[in-house]
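In this note's numbering, the protein residues as written are 13 to 225. Cβ coordinates follow ideal geometry from the N, Cα and C atoms, glycine included. Treat the numbers as computed from the prediction; the structure is a model and nothing was measured.
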Amino acid sequence: MKRRIQLLVIPLAVLMGCSRNPDGPANSNSSPLPALTDEARSAALQRGKAIAMETFSLLSSNLQSAIQQGGVSNALPFCSLAASPLTAGMAGKHGVTLRRITHKARNPAGKADAIELGILQQFRDALVATPTNPPPPIVTNLTAGTATFFAPIVLNNELCLKCHGEPGKDIQPENVAVIQRLYPQDEATGFKLGELRGAWRIDFPRATLSSGP
Ligand code: HEC
């Protein structure tokens with residue numbers, strides 16, 4: 013019950029406080045969440061960047077070989093089957109929870125919750141302010157015992173448009189049909205180059221972030 017209350021209180025505090033201070037809720041007296049130590053924060057930042065990059069390379073290389081083998085119409089069902097297990101495998105390997113979250117989801121599992129939408133909005137605002145310079149990752153404490161890392165995923169490659177751009181223009185009509193069949197609720201089209209597509213979210217158990225003896 014206590015935990016339920018914490019969870020209700022934190023989102024507001026995060027949404028209001030995060031643009032200046034990602035640690036917002038930890039600093040308010042009403043929040044029982046302990047602040048992250050500098051050590052935990054920088055370990056989460058460093059490991060988060062490495063894991064996000066490694067997972068991105070894994071997904072990209074699989075995507076590219078699927079396109080080479082049978083074009084975009086082959087890569088679509090391939091991504092649909094492979095993206096989640098590949099991401100889950102990475103999470104298991106590193107002992108973390110790993111997700112791609114977004115304000116416009118293709119796979120409904122990636123739909124952002126209220127806190128995540130706040131973070132995504134923060135990334136979008138930063139990207140509008142400095143379009144050529146993607147915003148840096150954020151580390152914050154959303155639940156006790158965990159440090160949460162967010163890094164922006166910017167759509168910065170023409171290839172992405174073939175499945176996330178404008179239907180009928182960037183996305184071939186036959187591929188629009190494949191997307192509709194695989195994802196009847198798809199929201200992940202209409203993106204332009206340079207826009208925020210989503211973010212990586214990685215939750216680290218805090219105990220794994222302090223240096224051992
Ligand atoms: C061949 C088509 C295709 C291409 C090209 C493609 N994607 Fe996707 N993308 C998908 C599919 C299919 C999914 C849903 C995967 C799933 O079911 O988990 C997806 C999901 C995502 C997600 C997870 C959030 C969500 O909405 O489900 C992100 C983030 C993403 N793509 C970013 C990119 C970026 C960035 C690029 C360019 C580097 C790219 N995609 C290129 C087909 C594609």
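Check	Outcome
Mind checking who residue 163 pairs with in its DSSP beta bridge?	212
Indicate the three-state DSSP secondary structure (helix, strand or coil) for residue 98 in the structure shown.	helix
Which of the three DSSP states is assigned to residue 181 in this structure?	coil
Would you give the residue range spanned by the beta strand (DSSP E) that residue 110 belongs to?	109-113
Mind checking whether residue 90 and residue 100 have CB atoms under 8 Å apart?	no
With a Cβ-Cβ cutoff of 8 Å, do residue 151 and residue 56 count as a contact?	yes
If you reduce the DSSP assignment to three classes, tell me which class residue 217 lands in.	strand
Ordered along the chain, which non-local residues of its own chain (more than five positions away) have a Cβ less than 7 Å from that of residue 211?	113, 131, 132, 135, 162, 163, 164 and 165
Output yes or no for whether 8 Å exceeds the beta carbon distance between residue 214 and residue 64.	yes
So residue 188 packs on residue 177, CB below 8 Å; how close in whole Å?	About 11 Å separates the two Cβ atoms, so there is no contact after all.
Do the CB positions of residue 194 and residue 45 come within less than 8 Å of each other?	no
Quick one: what does DSSP say residue 67 is sitting in, helix, strand or coil?	helix
Leaving out the 5 sequence neighbours to the left and right, which residues in its chain are closer than 8 Å to residue 218 when beta-carbon positions are compared?	48, 52, 157, 158 and 159
Classify residue 204 as helix, strand or coil using the three-state DSSP reduction.	coil
Is residue 98 near residue 119, with beta carbons less than 8 Å apart?	no
Determine the burial state of residue 186: buried for a count of at least 16 other Cβ atoms within 10 Å of its Cβ, exposed for fewer.	exposed
Which same chain residues end up closer than 8 Å to residue 143 when comparing Cβ atoms and leaving out the 5 residues on each side of it in sequence?	206
Applying the 10 Å Cβ sphere with the 16-neighbour rule, what's the burial state of residue 93?	exposed
Excluding sequence positions up to five away, which residues of its chain have a Cβ less than 8 Å from the Cβ of residue 66?	102
Terminal residues of the continuous alpha helix (DSSP H) containing residue 133?	126-141
CB-CB under 8 Å to residue 203, same chain, minus the five flanking residues each way: which ones, in chain order?	116, 167, 172, 173, 176, 177 and 209
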